[in-house]
Amino acid sequence: MSSSDSDDVPLSRRKQSKPISSDDDSDVPLGKRRKTNGASKLIKEESDSDYGSRRTLSKASSARSTSSLSDANDSSSDSSGSDVPLAKRGATTNGRAKKPTSYKDESSDDSSSEDEVPLAKKKSAAPKKKPASKPAPAKKTNGKVKKESSPPPTKRKTTASSSKKRIKEEEDDSSANRKRIKKEEEEDEKEQEHQWWLDMENQDDSVKWTTLHHNGVMFAPDYVPLPSNIKMKYDGKPISLAPEVEEIAGFFGSMLETDHARNPVFQKNFFNDFRKVARQYKTQPEIKEFAKCDFTSMFEYFQEQREKKKAMTKEDKAKIKAEKEALKEKYGFATLDGRKEKVGNFMVEPPGLFRGRGEHPKTGCLKLRVLPEMVTLNLSKDAPIPPPPAGHKWAGIEHDNTKSWLATWKENINGSTKYVFLGADSSLKGISDMKKFELARELKGKVKEIRARYTAELKDKVMFTRQRATAVWLIDHLALRAGNEKGQEEADTVGCCSLRYEHVTLEKPNILHLDFLGKDSIRFQKSVEVDDQVFKNIKLFKKEPAAVGDDLFDRLKTSDLNKYLQEQMPGLTAKVFRTYNASITFQEQLALLTPKDGTMAEKLLAYNRANREVAILCNHQRTVSKNHSVQMEKIVDKIRALKYQRHKIKQTMLTLEPKLAKKRPELAEPESDLEDEWIEKHEEDLIEKDKEKARQKFAKDNEKRQSEKEKPLPASDLKDILKSLDAKLKDLVKERKTGKVINADKFTIERCDNNLLKIDERIATQRAAMVDKDENKSTALSTSKMNYIDPRITIAWCDKYEVPFEKIYTKTLRDKFKWAAVVDGSWEF
DNA sequence: GTCGGAACTTAGCAGGTTCTCG
DNA sequence: CGAGAACCTGCTAAGTTCCGAC
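For the first sequence, full-length UniProt numbering assigns the number 1 to the initial residue and increments by one for each residue that follows.
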């Protein structure tokens, strides 16, 4: 860790580059929300049963909000409460760190960490090394890549550390290694791909391309009727269906065991559409009642097919894969301004049943097959028009270079437009991604002013202005979405501007309880301490309409809000606050949580925690896996087992040296969370497991002997072992009663102490894993990682702490974020 | 200004693949 | 070395924002 010489204290780092944006302190007022404080990190969880109780307490998603409330209560002042979750963490600090010993000294031994990276992944790390052949200039300037300022001349930085790495690698010239490097370089050459991010000055927003070529889209395969013995039943009898009808029945049949298929609205919508089609084809007998339909044989058939697919031979699987590859080769790429770029989703959406989320009124409706006649293509005039499937025509051809879509069609359920775009790793997506983050960074510079203005306006005489200010306050502090109006035919979800009376409640001094369904019908349930004036305002807004169903901000629309924001900064809209707050929170948390001289695992843990803060801020949730509680229970049991071991060790020590009880009272203390009943059962289990093991070993040994034509072991061998285990169990029972360990003299105090240490460590590890797991059960980190956190923060951090970013970003994300790889450890959001 | 539609970003889920642990 | 957890990717639904027609 001697290499840490270059590392400054994370926090101080921020100050250093101040001059660039003079008021970059502007985020301080909010900063309080993120203060987190290292203190919470140190809290040790005492009881492991704690999990159990919390779980019962927190049934819904209330765990978070509960803690948020209590946080808010005892934190002295205006912390805005979004710091909610921070208190909970603790215990985890270094638990996990122990596991992967291989990272231990990443600075001196990169070959080991490098080797962990599969070849394919290396590619993106390679370019880093290349420029090292040039004299590495002091490029540490500060990697600000401002729109106007011209970007650094070289592709990638060379930090001291990475050149060190390189040298080391070159010394090691095993041929395999050389070959590998060569391969990397070849791929690199191939990838001399126009690094648009080095040339962002003269970007004209409106024009997306000069030439655009592609092969059109792929259509869903034609329907293949089921074998004739597979039929849905109606009213108890198998019924023959025209393929067109059967297909729809199959859509439902294949998802029989899902929540969708159990949802009455889904059933109703499906059945309506199904019946309509069945009637067209004059199905006999006429299908009239959903309750009389029986799809089980279809369902079973699909299940079977699934099994078969899984059990396919390697060759068959490879074949299928190759076929897929071929199609991808054809449709999966477009040529934009002469450069090959990936297409995102080149396959038009296949027919099926619409899986609307939440209480979507149209969920279950039949999504029709898209035909070429419905699809319009967009490409340049010089591009050959891809031939539509035989016997078909395209709906139209456009040559609009202000649009980035390659194909579009209208979907029949909601009448919305669907598109085929380029992939996330394409230049077009990359450019807009980078612009998004640059805009958020621009907000960083102006946010102080903006906050000052809306804070003042919280007291404005004009109700509209007041509503607007309050809304912006919420958006800024709670990372709410704008909240457009929604139609009757959609799920009832809201964002900031569409919040209604019933979504907010107020509690005495200044606590705001929010509870509503947001995007994707994900519940937003938080309780936060708010600005006094915000509290007053909401009270006021609630008084006026005073009825469930009324808008909280009855005079405010998202367009008003965005217009207001635009006035203060061009391009500023509500969603920019989400990006800004997510990224800045991440950067701050990361600086706070990263242990300077930690192990790789500790650093990664810090990263994930910072990531989790952001996910919580943005309310990114996922459904708790069905067996989460089972898994938790397992860990609790594991810990108990460890505690039992600890208990036995202590008992041994006291048996060896009873006097120790006075000198070291902790040895005599009973383990928490270990009840006699449990111990009894556990001991029985242990012995039973040993017996089972013995039996298996015996059987295996004999098998081996037989194959080697030796005499089998006598059955009495096994019996003896089993008997001795029975005896051991009896001993344990005795020990339980007397508190004395029978064979204690096989140990020494020293050995016991050693073992104690090890057990303690393992318990700590397990506890940490448990906390981590529980905190993560319903939080999805991926969305914020992919959409909200400026990748340059990550890259800079990786550089600074010598973490290979393969450990953080998957291949897909690395490709998506390749534009960000120009920064070094000094870069700041 | 209001409305609806187009275009693009953000989102969770399902299912496949890889990793990990017993 | 096999089961189950974790992770990853693809899919497509559900948002936001902008813009143009009335």
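Using N, Cα and C, we set each Cβ at its ideal position, and we do this for glycine too.
Mapping DSSP to helix, strand and coil, what is residue i?
i: G81; result: Its pLDDT being 34, under 50, G81 is placed unreliably by the model, and nothing is read from it.
i: S625; result: coil
i: Q587; result: helix
i: P238; result: strand
i: E398; result: strand
i: D115; result: Any reading at D115 needs caution, since the residue's pLDDT is 35, under 50, leaving its predicted position unreliable; the model's value is listed next. In this structure, D115 counts as helix in the three-state DSSP scheme.
i: R555; result: coil
i: H214; result: strand
i: F464; result: helix
i: D23; result: At D23, the pLDDT of 34 sits below 50, so the modelled position is not reliable and the matter cannot be decided from this model.
i: E490; result: coil
i: K740; result: coil
i: A601; result: helix
i: M347; result: strand
i: G495; result: coil
i: L813; result: helix
i: G445; result: helix
Identify, in the order they occur along the chain, each residue of the same chain with its Cβ nearer than 6 Å to the Cβ of residue i, setting aside the five sequence neighbours on each side.
i: F535; result: N510
i: R369; result: P351
i: D815; result: D425
i: L443; result: V576 and Y580
i: R609; result: L593
i: P153; result: Low per-residue confidence applies at P153: pLDDT is 36, beneath 50, and the placement is therefore not dependable enough to give any value.
i: P595; result: E602
i: S782; result: none
Spatial neighbours of residue i within its chain, please: C-beta separation below 7 Å, excluding the five flanking residues on both sides.
i: K807; result: L604
i: K459; result: Q533
i: A668; result: L654 and A661
i: L480; result: L474, G495 and C496
i: F266; result: H260, T363 and G364
i: N345; result: V420
State the start and end residues of the unbroken beta strand (DSSP E) segment that holds residue i.
i: I511; result: I511 to L517
i: Y419; result: T417 to V420
i: E666; result: Looking at the DSSP string, E666 is not in any beta strand (DSSP E), and its letter there is neither H nor E.
i: L525; result: Before going on, a small fix: residue 525 reads as Gln here, not Leu. It spans R523 to E529 - the beta strand (DSSP E) in which Q525 sits, taken as one unbroken run.
i: T363; result: Looking at the DSSP string, T363 is not in any beta strand (DSSP E), and its letter there is neither H nor E.
i: F333; result: F333 to L336
i: L377; result: T376 to N378
i: L506; result: V504 to E507
i: T408; result: A407 to K410
If distances are taken between C-alpha atoms only, which option among the options comes closest to residue i?
i: N562; options: S297, N484 and D222; result: N484
i: L590; options: T765, P387 and Y801; result: Y801
i: G391; options: A407, P372 and N378; result: P372
i: N787; options: I397, K436 and T335; result: K436
i: T810; options: D790, R262, K785 and D799; result: K785
i: L514; options: L366, Y501, D520 and S521; result: Y501
i: L406; options: Q467, V375, P387 and D433; result: V375
i: F698; options: L756, L722 and W678; result: L722
i: R357; options: M312, H260, L813 and L656; result: H260
i: T558; options: E289, F464 and A780; result: F464
i: V245; options: K292, S707 and Y223; result: Y223
i: E613; options: D597, D772, S498 and K758; result: D772
i: L256; options: F302, K276, M218 and F274; result: F302
i: P389; options: M218, S228 and P227; result: M218
i: I616; options: K777, E761, D597 and P387; result: K777
i: G739; options: R578, A242, P670 and Q568; result: P670
i: A715; options: D701, K728 and E708; result: D701
i: L642; options: D717, A694 and Q766; result: Q766
Excluding the 5 residues preceding and the 5 following residue i in the sequence, name in chain order all residues of the same chain whose CB lies nearer than 8 Å to its CB.
i: P285; result: Y234, D235 and I239
i: A796; result: G143, V823, D824, G825, S826, W827 and E828
i: T652; result: V741, A744, F747 and C752
Within the continuous alpha helix (DSSP H) that includes residue i, where are the two ends?
i: T765; result: I749 to N776
i: T783; result: S782 to N787
i: E341; result: Counting along the chain, E341 falls outside any alpha helix (DSSP H), though it belongs to the beta strand (DSSP E) covering R339 to K342.
i: N537; result: D532 to K543
- In chain order, each alpha helix (DSSP H) run of at least 4 residues that lies wholly inside the segment 672-715: 676-707
- Complete runs of the alpha helix (DSSP H) confined to the segment 248-314 [at least 4 residues]: 259-262, 264-280 and 296-311
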